[in-house]
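A.B. asks: Dropping the structure in here first, questions after.
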Amino acid sequence: RRRQLVQGLDLPVEVTRVDVDETPPEGVPADQVAEFLSRKKAMAWPGELAPDQVLLTADTTVLVDDLLLNKPDDEADARRMLGILSGRTHRVITGVCLRTAADLLSFADETIVHFRSLTAEEIAYYVERHRPLDKAGA
4 RRRQLVQGLD LPVEVTRVDV DETPPEGVPA DQVAEFLSRK KAMAWPGELA
54 PDQVLLTADT TVLVDDLLLN KPDDEADARR MLGILSGRTH RVITGVCLRT
104 AADLLSFADE TIVHFRSLTA EEIAYYVERH RPLDKAGA
């Protein structure tokens, strides 16, 4: 979805992946992890940026109560996460970082999401059909 949004700007866009350890360090509050990881990804960019280039990185986390849900490890973990979210309200937090050769700016935005109660069959169907293993909170 992010790729579609950025490519819709009608600017030259190159999409690459920067692999970083997404384990949140001790001491970073759960509601600040997404912004922290977006900055970490920006700082991990291996090349130099030209004066006219902008690097955009992002990360999304899901918080239900005080529980941080990152990307599921496997389908069983995805079903577990969706079971936790079922019938509850949670927060989806997206951290964004913009980096140029001279500057770095980061911020986060939060959306409140209300899930209706899901049956085990609905959860299994969703996990099998939509393969949510690359999404925080499945």
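The numbering used here applies: residue 4 is where the sequence shown begins, and numbers increase by one.
For glycine and all other residues, C-beta sits at the position ideal for the given N, C-alpha and C.
On a predicted model such as this, the values are computed, not experimentally measured, just so you know.
Go through its chain and collect everything with a Cβ distance to Ala141's Cβ below 6 Å, but skip five positions before and after it.
C.D. replies: Pro75, Ala81, Met84, Leu85 and Pro135
A.B. asks: If Ala104 and Ala47 are in contact, beta carbons under 8 Å, what's the gap, nearest whole angstrom?
C.D. replies: Incorrect: roughly 16 Å between the Cβ atoms, too far for contact.
A.B. asks: Excluding five sequence neighbours on each side, which residues of the same chain lie with their C-beta closer than 6 Å to the C-beta of Thr60?
C.D. replies: Ser41, Lys44, Ala45 and Cys100
A.B. asks: Could you tell me the boundaries of the alpha helix (DSSP H) in which Val36 lies?
C.D. replies: Val36 to Met46
A.B. asks: Specify the secondary structure class of Arg91 as computed by DSSP and reduced to three states.
C.D. replies: Here DSSP, grouped into helix, strand and coil, assigns Arg91 to coil.
A.B. asks: I'd like the list of long-range same chain contacts for Thr27, defined as Cβ closer than 6 Å, with 5 residues on each side in sequence excluded.
C.D. replies: Reading the sequence as shown, one finds Pro at residue 27 and not Thr. So the list reads Val36, once near-sequence residues are dropped.
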